[in-house]
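Structure record follows, encoded as structure tokens.
There are 2 protein chains.
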Amino acid sequence: MGELRPPLDALLLLLVDRMSGVIRERVEACGLSMPQAVALRYLEQPCPMRNLARAMRCDASNLTGIADRLEERGLAVRRLDPDDRRVKLLVLTESGLAMRAAIHRRISSDIAGLERLGPAERELLAELLWRVVRE
Amino acid sequence: MGELRPPLDALLLLLVDRMSGVIRERVEACGLSMPQAVALRYLEQPCPMRNLARAMRCDASNLTGIADRLEERGLAVRRLDPDDRRVKLLVLTESGLAMRAAIHRRISSDIAGLERLGPAERELLAELLWRVVRE
DNA sequence: TATTGTTATACTCTATAACTATA
DNA sequence: TATAGTTATAGAGTATAACAATA
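Sequences listed follow chains A and B, in order.
Residue numbers for the first sequence follow this note's numbering, beginning at 409 and rising by one.
Residue numbers for the second sequence follow this note's numbering, beginning at 409 and rising by one.
Right, here's the structure in full:
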């Protein structure tokens, strides 16, 4: 029963694979597509559509449709920017803020096999990941 | 300069987010879409299209198009299953095997900020992740 | 009857290019 | 002239439902 441990890179890929699947499931259980959920996450504050596109690493033309669908669902609205009349600011509604929080809550809870680690091991894992992930 | 360390769940989400982006970039630099690359990864051996769809967690009807495009690129071929004439086995070509290996190589190398950890710390991280990710 | 792969349909995401209204 | 958002277009992924061939 001596199961061979895969190398670190394989473990990281496995982790990403599993977590991505679970995240997608939970987001779609909330009735949103992934791009819509990602947009919500970036909309902590009113944001020009152009900036949002940059943050989401997609072409600006895509944001038209994504914003349309967020508006249709009542999760966000377009607001004119008084300082530059070319710009439209995308802003979360109350409902959008609630959805954003709900998705974050669902995604952050019950992660993978984290329950198999004790408090000290989680602390250790967090320290190591912090070193890896830090800017 | 005392930067606050985010909680473990946030660190894991951050890691997944970063790695997912890099993986997508590298896959698309190889000229494939993510679903095509995932299909290649699962095609270690000839595989009925139905099983592949199950593994990829998508409807079987999607595999028709994905397999079509893999065949157009000469990366895979459909082969009849002698044991069950309803079944078509998807099989990698030589070119498909090479692409599969190339993608895996590119994805596995130079991961995120892993270079910031020493050998002992990497060993520790691998042990912890193995506990988390193990079946 | 049940299953495999396909087709038809509809929706979403994706990029490119052209357009408009501002700056 | 440059930029912000939109539109038009085309390709790809996604699910559902219906279908032909086979079990």
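In this text, a Cβ means the ideal position worked out from N, Cα and C, and glycines have one as well.
Only a predicted model underlies this, so the values are computations on that prediction, with no experimental measurement involved.
Would you say residue i faces chain A, with C-beta separation under 9 Å as the test?
i: VAL424/B; result: yes
To the nearest angstrom, how far is the alpha carbon of residue i from that of residue j?
i: GLU479/A; j: LEU497/A; result: 13 Å
i: TYR450/A; j: GLY429/A; result: 21 Å
i: LEU500/B; j: ASP425/A; result: 22 Å
i: GLY521/B; j: GLU535/A; result: 13 Å
i: LEU471/A; j: ARG487/A; result: 14 Å
i: PRO443/B; j: SER503/B; result: 18 Å
i: VAL435/A; j: ARG481/A; result: 15 Å
i: VAL495/A; j: ALA510/A; result: 29 Å
i: ALA484/B; j: ILE515/B; result: 21 Å
i: ALA463/A; j: ASP492/B; result: 49 Å
i: SER517/A; j: VAL540/B; result: 15 Å
Answer with buried or exposed for residue i, where buried requires no fewer than 16 other C-beta atoms within 10 angstroms of its C-beta.
i: ARG542/A; result: exposed
i: GLY439/B; result: exposed
i: GLN453/B; result: exposed
i: LEU412/B; result: exposed
i: ARG465/B; result: exposed
Which bits of chain B does residue i rub up against, with CB to CB less than 9 Å?
i: ARG542/A; result: GLU411, ARG413, GLY521 and ARG524
i: ARG530/A; result: LEU416 and LEU536
i: LEU471/A; result: Chain B residues near LEU471/A: none, gap ~18 Å exceeds 9 Å.
For residue i, decide whether its Cβ has a neighbour in chain B, counting only Cβ atoms nearer than 9 Å.
i: ARG465/A; result: yes
i: ARG493/A; result: no
i: ILE474/A; result: no
i: ILE431/A; result: yes
Got a sec, what are the start and stop residues for the beta strand (DSSP E) residue i sits in?
i: ARG486/B; result: 484–488
i: LEU522/B; result: Run containing LEU522/B: none; DSSP gives neither H nor E here.
i: VAL499/A; result: 496–500
Interface residues of chain B around residue i at Cβ under 8 Å?
i: ARG539/A; result: GLY521, ARG524, LEU525 and GLU529
Mind listing the chain B neighbours of residue i? Cutoff is C-beta to C-beta under 7 Å, in chain order.
i: MET427/A; result: LEU420 and VAL424
i: LEU533/A; result: LEU416 and LEU536
Just the chain A side, please: which residues come within less than 9 Å of residue i by C-beta, in chain order?
i: ILE515/B; result: ASP417 and LEU421
Assuming residue i is part of the alpha helix (DSSP H), what are its boundary residues?
i: LEU448/A; result: 442–450
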